[in-house]
Each structure stands twice: as structure tokens, then as C-alpha cells.
Amino acid sequence: MSEQTQISRINGEAPGNSDTDEESAPTGETGGATLDGNDLVLSYPSSDDPVVAGESITARAGAVTALIGPNGSGKSTLLKGLADQLAPDAGSVLVDSRGIQSFEKKELARTLGLLSQESTSPDSITVEDLVYHGRYPHRGFFESVTDEDEQAVDRAIELAGCGHLRDREVGQLSGGQKQLAWIAMVLAQDTDVLLLDEPTTFLDLHHQLEVMEIVETLREESDITVPRSCSRTCSRSTPRST
Amino acid sequence: MPEGSVQDETTSRRRERVFVRVDGSLLSLCLGSVAVVVAGGLVQVSFGAYSMTILEAWRAVFDPAVVFSGQAWEAFLLGGELPEMGKRSLIVWNIRLPRVFVGALVGMNLAVSGAIFQAVTRNELASPFILGVSSGAGLMILLTLVVFSGLSAFLPLIASIGGAVAFLIVYAIAWKNGTSPVRLVLAGVIVGTVFGSVQTALFFFADDIGVVQSAIAWTTGSLTGTDWEQVRMALPWTAVAMLLGLVSSRQLNVLLLGESTASSLGMSVEKVRFALSGVAVLAAAASIAVAGIVGFVGLIVPHMVRNIVGSDYRKLVIGCVFAGPALMVAADVGARLALNPVQIPVGIVTGLVGGPYFLYLMRKQDNMGEI
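Sequence order for the protein chains is F and A. All residue numbers for the first sequence refer to our numbering, where the first residue is 496 and numbers rise by one. All residue numbers for the second sequence refer to our numbering, where the first residue is 41 and numbers rise by one.
Structure below.
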């Protein structure tokens, strides 16, 4: 199994250092998509210096790729660049050799999903409704819910193991339970590539392992490429679960 | 388990998703609102300068000669020749009722507009006038009344256009490689301050107390003297805005998840935000054209509704369409009858009622401000 896990390092810091965070990128199997970031230079409008200066990353289809680096090394920024949330100053991002810019917005959202570190939602929304939002890119403006949407939502909720939370309001959940609900939402998006930015934040050890297992199940069962990032604690558990 | 029942369950769940769960609280909110509108309407038609008994007035409301007369409705809604009708029916149907209808239209416009702006700016304290609409309209009202008094026949139109233009200015100021809710609100405050100063300055140049009163009535919002003509003016735009508001409730829900999530779900956030703001401005402009700048309704109604049905916009927009008219019609009863025979602008009443209620909500809720 371990050959399915790649580790990419950012800024060349040694892993295991107590400051080290890890982003790992699991990828799905055949049918998943390969994600290539080439010489990416990324910066925010508010700062002069680029946060990411010329990094390249390849997440093979059917594998889990972990991206590791210390706090503030630009892992989240790199993921934003890979997900077209931040336009690169230089470099390119390719999904299965196709430039990410040539995708339509919704088309891209059907191909590549991103779970960011900080997500907010209204408190009174139910977990089920939140997960249904993951179907947004699959629905037209006037289109109502189809069988396919329902199946995808059921499957995502089951995979994320938050069936018991389905009718609860997100505002009443603990940090870890919220995280599971958000994971279910990106799963419902049904994408080839999944970028998870520190998906195990807020989670206790038990749930961290559970998320690792979800990622592993995804890699085994479906066509998903899942780069993700996670914290130091899970960098220890990653080798075990993958 | 027999297959049929599984299928039934699936279909019923789907039906729930399409029509929104038949939600007890939403249903009672809508029914309650309708009751308030009907009650307020009946009070409004019962009193007035021409004295008739309450029974006579109500009989006139349900006068079959008017209610079932195609020609009468044609006259009301399209502006044709009024058919023959009794004097009481004429007074009730041609003078007292239109005001109730205009109030209802204004109420739903402001409520839905406020609800949309609260989602667009992701701030519960947003109102239809947060992005400069009221200051632009107010300035144009003063300009028209004081400087270009020859154009006062077009005042409703000019006021609405002024509001829309101010909104565009706010958007242009806030735009820098895209906008953000905070920048939009700040730009709205800036434009509002500048336009507000100019507007106040213009009051000094009004040489006639009548002009000043008229300006105050317009800038605080008033339903005095509204007629079927105002219904005709507001109805089409209201219908369009309400329809658009209802069909975009899913976009509004996704927008509430925050820009980055909405964008990674494939939404073109800037386009959707601008389009939705446009719908909200259209609704606000329609209400300004017939009633001036009525404050507080657009702030308070979405808030009340959210308190009752939650923040799901599929329910919230529907709730606003009903609750807005309820507040507006009830407030107008006070505006017209409280200090009889003097009528005060309805905006004063909505502020008097809305302020304390808002305070109550603020004390009751722990976390206010964020949706």
C-alpha cells in the first residue's frame, strides 16, 4: 500500500520536526486524474513577495500524495493555486495534461474539489442540506434534485460516517463533527481529484484515523485523486493507515 | 422490505427537497402574516374622511359588482375607464384599498431586498439601503424638488434611477480585482455619507415649507395619497424581483457558505453577487418609486423571519414575501390613523416599531451580526 503514497515536501524542511505540518495528497485509482503543478509562483494581492516561489508537484492518479512542510511554508496557498482559487503569477496547473484555465468553473468543480482549512456556514443549516450543496456544480440553475444527486449525497454521508448527524444543525456540532460534515460535502461533489487542506484539524485521534481510512477507501474504491494536508499528529498515523 | 415502500420513501424525500419540507413554522408565519394583512386592510378601509359604518365598508370590499367585474380590474390594473359603482364601493376600492396594496408590495420588496443583501454581504445588519441606494435616491429627490422642480412629475422614476446609479458607484468604488462583502459595505457607507451631506445641504435651499415637507415624506417613506397608479407602477417590477428572488434562493444559500467554498463549488461568485445585488436593487427601487425611502422594514423583516424559519433561503425568501407586507400594512394603519386627521410618514412608524423590536432581538440573541 505504501507505494500508493507519495510525499512531496515544500521548502525542504525535514519531516518529524515538531513544527512540521503535513499535507498529504491521496490519489484515486485508474480513472482518477493526475494533477500537475509546474513551477508555480503564487502570491496574494496584499503582499509583495510570493508565498510560493516556483514549486512543482505531481499527484499521480490512484495514489495518495502527501504534501508536507512547516507552518507558513505555503501548503494551503499551493493547494489554492492547484484548485484555481488563486491565479498563479507564473507556472501552470494541469489536470490530466489539460490546463486548468481551460475548464469552465462548474466543470472544474466537477473534476477537482477543495476542502479549505477554514469553512463557515450558517448555524441553522442541517448536515444533509450542507452535503447537498456539494452537488451545486452538477446542477443547472433551475434543475431540481435528481436520483443521481441523492445517491451521491447518501454515499458521501455514508463514506464520511456522519449518517447519525444527518438531520442535526451544523451549529450544534462539535468542531470534529463539523469537519466530517464538510468532508461529506466535498465527497458529494464527486470529483476525480480531491484536495484536502489539513482535513484532520479539530479531530480527535479516533476521528483522525477515521478520516485517513475514508481517504484510503476512496483511493481503493473510486476514481479519486486526493491530495490532502494534515497536521503533525496525523503524519504519524498516515504511514499506518496508508 | 418491499421495494415499493423504499421507492415511496425516496420520492417523498425528493418532494420534500423540491417544495422545501412542509415546514410548520413557515406555514404558520405565512398564515399569520396573511391574517395581519387582511386585518390591517379591513381597518384601513373602515376609517377615513368619508364616514361610513364598518359594516358598510366591509360590504363594499366584498361587493360582487366590483370583485367579479373584469372591467373594474382592468381599470385598476391597466388604467382604463372605471365602471359604474356605488359611492361606497368607489371610495373603498379606489381610494382606501390601493393604499393597502401598495403597502403590501412595498413591504415584500423591501423584505426580500434586505434578505438578499444580507446574504450578499453575509451580514445580518445589512438592509436594502446598505449599498448606497437610499442616499442616491434621497439626493435625487432633493435635487428634483429643490433645484429641478419642473421635473417633479417624474420624481418616482428619478428617485429609483438615483438609487440604482448610487449602487453602481458603490460597486465601482469597491471593485479592485473583484469585491468583498466588507469593501462593498465600506464603499456603501462612504457614498452614503457624501450623498447624505449634499442632501442635507440642499434642504437649506428649499424656500418653501411645503417643499421641505414633501422632501421629508419622500426621504422617510410615505404611503399618503397612493393610488392604483402606484400599484400599476410597482406591480410588474415586484413580480419580476420576487420571482428572481425565489429562484435564486439556492445561489443565496451557497453564497452563505463563504466566497472560497462557493467558488470551489463552481460558482462565479462575482457574477452571482452582482446579479443578486441587481435583483435586490430592482426591488428596492420599485418600492422607492411608490413610497419613498421606507427604513427598517428591509432590515427587520428578514431578521424576524430568520428567527422563525432559520437561515435556509428557500424558506427565508418565501417568509419575507409574506411577512414584509404584514409589517408594512400594520405600520401604515398606525401612520394613517394614530394621529387622525394628521397622517405621518409610514417610515416614522416602522422606525418606531422596528427599533425597539430590534433591540429586543439583540438582547435576546447572543451572537448577532453574522448569519
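We treat Cβ as the ideally placed atom computed from N, Cα and C, and that holds for glycine. These figures come from a predicted structure and were not determined experimentally.
- About 6 Å separates the beta carbon of residue 361 of chain A from that of residue 282 of chain A, a gap short enough to meet the 8 Å contact definition.
- Secondary-structure assignment with DSSP links residue 536 of chain F through a beta bridge to F:548, F:585.
- Counting the other CB atoms within 10 Å of its CB gives residue 178 of chain A a total of 16 or more, which places it among the buried residues.
- Counting of Cβ neighbours within 10 angstroms places residue 637 of chain F among the exposed residues, the total staying below 16.
- Contact check between the stretch 364 to 372 of chain A and the stretch 382 to 397 of chain A: three or more CB pairs, one atom from each, fall below 8 Å, which counts as touching.
- DSSP places residue 638 of chain F outside both helix and strand once states are collapsed to three, so it counts as coil.
- In the structure shown, the three-state DSSP call for residue 664 of chain F is strand.
- Scanning F:552, F:580, F:564, F:644 for the CA closest to the CA of residue 693 of chain F turns up F:564.
- The DSSP-derived three-state label of residue 531 of chain F is strand.
- The beta-carbon distance between residue 274 of chain A and residue 326 of chain A, rounded to whole angstroms, is 5 Å. This is short enough to meet the 8 Å contact definition.
- As far as DSSP is concerned, residue 135 of chain A takes part in no beta bridge.
- Non-local beta-carbon contacts of residue 307 of chain A in its own chain, meaning distances under 8 Å to residues more than five positions away in sequence, involve 291, 294, 295 in chain order.
- Put simply, the CB of residue 305 of chain A is near chain F, with a gap under 7 Å to one of its CB atoms.
- The contact set of residue 192 of chain A on chain F, defined by CB atoms closer than 9 Å, is empty, because the minimum CB distance reaches about 41 Å.
- Taking 7 Å as the CB threshold, residue 545 of chain F stays off the interface with chain A.
- Checking the DSSP bridge columns, you'll see residue 118 of chain A has no partner listed.
- Contact check for residue 316 of chain A and residue 160 of chain A: beta-carbon distance about 6 Å, within the 8 Å limit, so the pair qualifies.
- By the Cβ neighbour-count rule, residue 262 of chain A is buried, with 16 or more other Cβ atoms within 10 Å of its own.
- If you draw a straight line from the Cα of residue 117 of chain A to the Cα of residue 107 of chain A, it comes to about 13 Å.
- Per DSSP, the unbroken alpha helix (DSSP H) holding residue 94 of chain A starts and ends at 94 to 101.
- Of the residues A:132, A:186, A:66, A:202, the one whose Cα lies closest to the Cα of residue 245 of chain A is A:186.
- Chain A places a beta carbon closer than 7 Å to that of residue 578 of chain F, counting this residue as a contact.
- DSSP links residue 594 of chain F through a beta bridge to F:589.
- Closest in C-alpha terms to residue 208 of chain A, from the list A:321, A:265, A:334, A:253, comes A:321.
- Pairing residue 686 of chain F with residue 607 of chain F gives a Cβ-Cβ distance under 7 Å.
- Between residue 150 of chain A and residue 338 of chain A, the C-beta gap is smaller than 7 Å, which places the two residues in contact.
- Using a Cβ-Cβ cut-off of 7 Å, residue 301 of chain A counts as an interface residue toward chain F, since at least one Cβ of chain F sits closer than that to its own.
- Secondary structure note for residue 276 of chain A: its alpha helix (DSSP H) is the uninterrupted segment 268 to 287.
- Contact annotation: residue 182 of chain A and residue 255 of chain A have beta-carbon atoms nearer than 7 Å.
- The C-beta distance from residue 203 of chain A to residue 176 of chain A rounds to 5 Å, short enough to fall under 8 Å.
- The straight-line gap separating the alpha-carbon atoms of residue 76 of chain A and residue 252 of chain A is approximately 33 Å.
- The three-state reading of DSSP puts residue 554 of chain F in strand, counting E and B together.
- Considering only beta carbons, the part of the stretch 271 to 288 of chain A lying closer than 8 Å to chain F consists of 287, in chain order.
- DSSP places residue 161 of chain A outside both helix and strand once states are collapsed to three, so it counts as coil.
- Residue 621 of chain F is bridged by DSSP to F:664.
- Linking residue 599 of chain F to residue 691 of chain F through their CA atoms gives a straight-line distance of about 21 Å.
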